[in-house]
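Below is one structure, written out as structure tokens; the observations come after it.
2 protein chains.
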Amino acid sequence: MTLVTAEMSISLDGYFAGPRSDETDWTKSPEALGFFRITRWVVNAQSWRERMGYAGGEQSVNSDLAAELTARNGAYVMGRRMADGGEGPWGEEPPFHGPVFVVTHRERETRHCQGGTSFTYVTDGLESAIAQAREAANGKNVLISGGGTTVQQAIAAGQVDELVLHIAPVLLGEGQRLLDNLGVSTGHGRELTPERVVHTQDVTHLVYRVGKAASLFLDDRGSGDGEA
Amino acid sequence: MTLVTAEMSISLDGYFAGPRSDETDWTKSPEALGFFRITRWVVNAQSWRERMGYAGGEQSVNSDLAAELTARNGAYVMGRRMADGGEGPWGEEPPFHGPVFVVTHRERETRHCQGGTSFTYVTDGLESAIAQAREAANGKNVLISGGGTTVQQAIAAGQVDELVLHIAPVLLGEGQRLLDNLGVSTGHGRELTPERVVHTQDVTHLVYRVGKAASLFLDDRGSGDGEA
Chain A
0 MTLVTAEMSI SLDGYFAGPR SDETDWTKSP EALGFFRITR WVVNAQSWRE RMGYAGGEQS
60 VNSDLAAELT ARNGAYVMGR RMADGGEGPW GEEPPFHGPV FVVTHRERET RHCQGGTSFT
120 YVTDGLESAI AQAREAANGK NVLISGGGTT VQQAIAAGQV DELVLHIAPV LLGEGQRLLD
180 NLGVSTGHGR ELTPERVVHT QDVTHLVYRV GKAASLFLDD RGSGDGEA
Chain B
0 MTLVTAEMSI SLDGYFAGPR SDETDWTKSP EALGFFRITR WVVNAQSWRE RMGYAGGEQS
60 VNSDLAAELT ARNGAYVMGR RMADGGEGPW GEEPPFHGPV FVVTHRERET RHCQGGTSFT
120 YVTDGLESAI AQAREAANGK NVLISGGGTT VQQAIAAGQV DELVLHIAPV LLGEGQRLLD
180 NLGVSTGHGR ELTPERVVHT QDVTHLVYRV GKAASLFLDD RGSGDGEA
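Going line by line, the protein sequences match chains A and B. Note that numbering that gives the first Met the number 0 has the first sequence beginning at 0, numbered continuously upward. Note that numbering that gives the first Met the number 0 has the second sequence beginning at 0, numbered continuously upward.
Structure representation (structure tokens):
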């Protein structure tokens, strides 16, 4: 069964990158400093490096997990900024090897790349992109690849079945928070079911199933009124 | 060796309570709704209920862990709002059974309660309270009990050796975030060492050693420039 899954690396204080920057050389900005610290574990992983066409890397629990999670994906959804940002670095053979649906306001022809990656530009919104990706995934999962705001919008729209967080052991103190703007209204919560935890020295991986938003109830047994 | 440890229950999106409320009946506010959802795991724990003087509760991994963590503590530091808020519910035998140092602006005589709990009111700041608690802990740990802003201030002051987070599997969408105002300056991060993870269906416990704030470095091997 196809799951829509979102997967992001964040710091323990919840940031997926440093403060947003519009510098021309992004890699010199605090945004990039934070981003590269948080994603270091995957950049070190042999499986990820191989998929990106980079040499080296560590054979490790982290590398195995990255490979396992990636193997589940049949199609991808991403935001326009991420797709644009990747267009240079990903080169002629982007690391997706499957259909990618880019949420954008700008019409553009589908781009077919080497290695089986295609980029389809979807101008009628995130939910349409997810629906198209579900069709294309052929029973495998749809990964909301990012960036952070696209993940937020997908969670807020109730479209994410599974949330995978890779928690890097660092406090950044500032930056762009992943779990903001989630569309949960006051007095409600969106309940999750913890499915799996993988713990290493470099990162803690948390896998949750995402439930529906539901009213919080007054469970004041801890307030002293619940005394038996 | 005495460690200064901070321990809080938070939602996956980082909140220790709902939005701050000044309602007279706090338990009816969204702040309390969030707080009681997040702390439900410990209110269900037999060891915690016993310490609070409440009947019932579950014998569980969570209960054992709560007991184990509590047994390490020789003295406590807390903020004024938490101490005031507890004064009613904790009754004549508060659940600390040791010296508590309350950071406040208001001078007040030390209060000695039944069961070995004392409240000493410290008017010359958090670091002084922590120093006094270290003396009083007799080789055991000093627990920064809360509330959230006191934990933040202690982390920002570089006074916390160990951070224990109990992550409740819920997205609240709004509230008071624990890991804010940490005094980390732009381009820096405070590195942590993951020490332990305990995973249950109700909560995920993460234990970190807290390191020094250090400059982030440009690790752009994942940007395409690091191609080998």
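Backbone N, C-alpha and C fix where the C-beta goes; we use that ideal spot for every residue, glycine too.
Span of the beta strand (DSSP E) holding glycine 145 (chain B)? Here the question's residue 145 (chain B) lines up with position 146 in the second sequence. Its beta strand (DSSP E) spans residues 140-145.
Identity of the residue in B:Arg19, B:His204 and B:Ala155 nearest glutamate 194 (chain B) by Cα: What you label residue 194 (chain B) is simply residue 195 of the second sequence in a count that begins at 1. Of B:Arg19, B:His204 and B:Ala155, the residue nearest in Cα terms is B:His204.
I want to see whether chain B comes within less than 8 Å of threonine 116 (chain A), judged by CB atoms only; does it? For the purposes of this step, residue 116 (chain A) is taken as residue 117 along the first sequence, with counting starting at 1. Cβ-Cβ to chain B under 8 Å: no for threonine 116 (chain A).
Minimum Cβ-Cβ distance from tyrosine 207 (chain A) to chain B less than 8 Å: Looking up residue 207 (chain A) in the first sequence gives position 208. It does; some Cβ of chain B falls within 8 Å.
Would you call the CB atoms of leucine 217 (chain B) and phenylalanine 35 (chain A) closer than 8 Å? What you label residue 217 (chain B) is simply residue 218 of the second sequence in a count that begins at 1. What you label residue 35 (chain A) is simply residue 36 of the first sequence in a count that begins at 1. Cβ distance < 8 Å, so leucine 217 (chain B) and phenylalanine 35 (chain A) count as in contact.
Own chain partners of alanine 213 (chain A) with C-beta closer than 8 Å, once the 5 adjacent residues on each side are dropped: For the purposes of this step, residue 213 (chain A) is taken as the residue at position 214 of the first sequence. So the list reads His187, Gly188, Arg189 and Glu190, once near-sequence residues are dropped.
Which whole runs of the alpha helix (DSSP H) in the segment 38-79 of chain B are 4 residues long or more, in chain order? 39-42, 45-51 and 60-70
Between valine 183 (chain B) and leucine 170 (chain A), is the Cβ-Cβ spacing less than 8 Å? Translated into the one-based positions of the second sequence, residue 183 (chain B) becomes position 184. Translated into the one-based positions of the first sequence, residue 170 (chain A) becomes position 171. Contact flag set, yes.
Less than 8 Å between C-beta atoms, sequence neighbours within five positions excluded: which residues of the same chain meet that for threonine 122 (chain A)? Position 123 of the first sequence, counted from the first residue, corresponds to residue 122 (chain A). Thr103, His104, Arg105 and Glu106, listed in sequence order.
Please check if any C-beta of chain A sits within less than 8 Å of the C-beta of glycine 225 (chain B). Here residue 225 (chain B) corresponds to residue number 226 of the second sequence, with the count starting at 1. Confidence is the limiting factor: at glycine 225 (chain B) the pLDDT is only 47, short of 50, which leaves the residue's position unreliable, though a coordinate-based value still follows. With 8 Å as the cut-off, glycine 225 (chain B) counts as an interface residue toward chain A.
Hey, valine 101 (chain B) and alanine 130 (chain B): beta-carbon distance below 8 Å or not? Reading the second sequence from its first residue, position 102 is the one you call residue 101 (chain B). Reading the second sequence from its first residue, position 131 is the one you call residue 130 (chain B). No.
Alpha carbon to alpha carbon, what distance is there between leucine 2 (chain A) and alanine 16 (chain B)? Along the second sequence, one-based indexing puts residue 16 (chain B) at 17. Along the first sequence, one-based indexing puts residue 2 (chain A) at 3. Distance between the alpha carbons of alanine 16 (chain B) and leucine 2 (chain A): 31 Å.
Which residues in the same chain as serine 127 (chain A) place their Cβ atom closer than 7 Å to its Cβ, once the five residues preceding and following it in sequence are excluded? Taking the first sequence and counting its residues from 1, the one referred to as residue 127 (chain A) is at position 128. Correct list, in chain order: Val121.
Beta-carbon spacing of glycine 73 (chain A), glycine 13 (chain B) below 8 Å: Counted from its first residue, the first sequence places residue 73 (chain A) at position 74. Counted from its first residue, the second sequence places residue 13 (chain B) at position 14. Going by C-beta atoms, glycine 73 (chain A) is not nearer than 8 Å to glycine 13 (chain B).
Closer than 8 Å between beta carbons: that is the criterion. Which residues of the segment 66-93 of chain B meet it against chain A? Gly87, Pro88, Trp89 and Gly90
Looking at the C-beta of histidine 198 (chain A), does it have a partner C-beta in chain B at a distance below 8 Å? Along the first sequence, read from residue 1 onward, the residue named residue 198 (chain A) stands at position 199. Interface residue, yes.
Chain A contact for arginine 220 (chain B) (CB, 8 Å cutoff): Numbered from its first residue, the second sequence carries residue 220 (chain B) at position 221. Yes, its Cβ sits closer than 8 Å to a Cβ of chain A.
Collapsed DSSP secondary structure at phenylalanine 35 (chain A) in the structure displayed: Against the first sequence, residue 35 (chain A) aligns to sequence position 36. In this structure, phenylalanine 35 (chain A) counts as helix in the three-state DSSP scheme.
Is the beta carbon of valine 197 (chain B) sitting closer than 8 Å to the one on leucine 64 (chain B)? On the second sequence, position 198 is the one that residue 197 (chain B) refers to. On the second sequence, position 65 is the one that residue 64 (chain B) refers to. In this structure, the beta-carbon distance from valine 197 (chain B) to leucine 64 (chain B) falls below 8 Å.
Span separating the alpha-carbon of arginine 110 (chain B) from that of glycine 145 (chain B): Within the second sequence, residue 110 (chain B) is the residue found at index 111, counting from 1. Within the second sequence, residue 145 (chain B) is the residue found at index 146, counting from 1. So the two alpha carbons sit approximately 19 Å from each other.
Out of B:Arg48, B:Asn137 and B:Lys27, which one is the CA nearest neighbour of asparagine 61 (chain B)? Counting from 1 along the second sequence, the entry for residue 61 (chain B) is found at position 62. It is B:Arg48 whose Cα lies nearest to the Cα of asparagine 61 (chain B).
Beta-carbon neighbours of aspartate 63 (chain B), restricted to chain A and to distances below 7 Å: Within the second sequence, the letter at position 64 stands for residue 63 (chain B). Under the 7 Å cutoff, chain A gives no residues; its nearest Cβ is about 18 Å from aspartate 63 (chain B).
With 8 Å set as the bound, which would you pick, yes or no: does the beta-carbon of aspartate 160 (chain A) sit closer than that to a beta-carbon of chain B? Residue numbering aside, residue 160 (chain A) sits at position 161 when the first sequence is read from its first letter. Not an interface residue.
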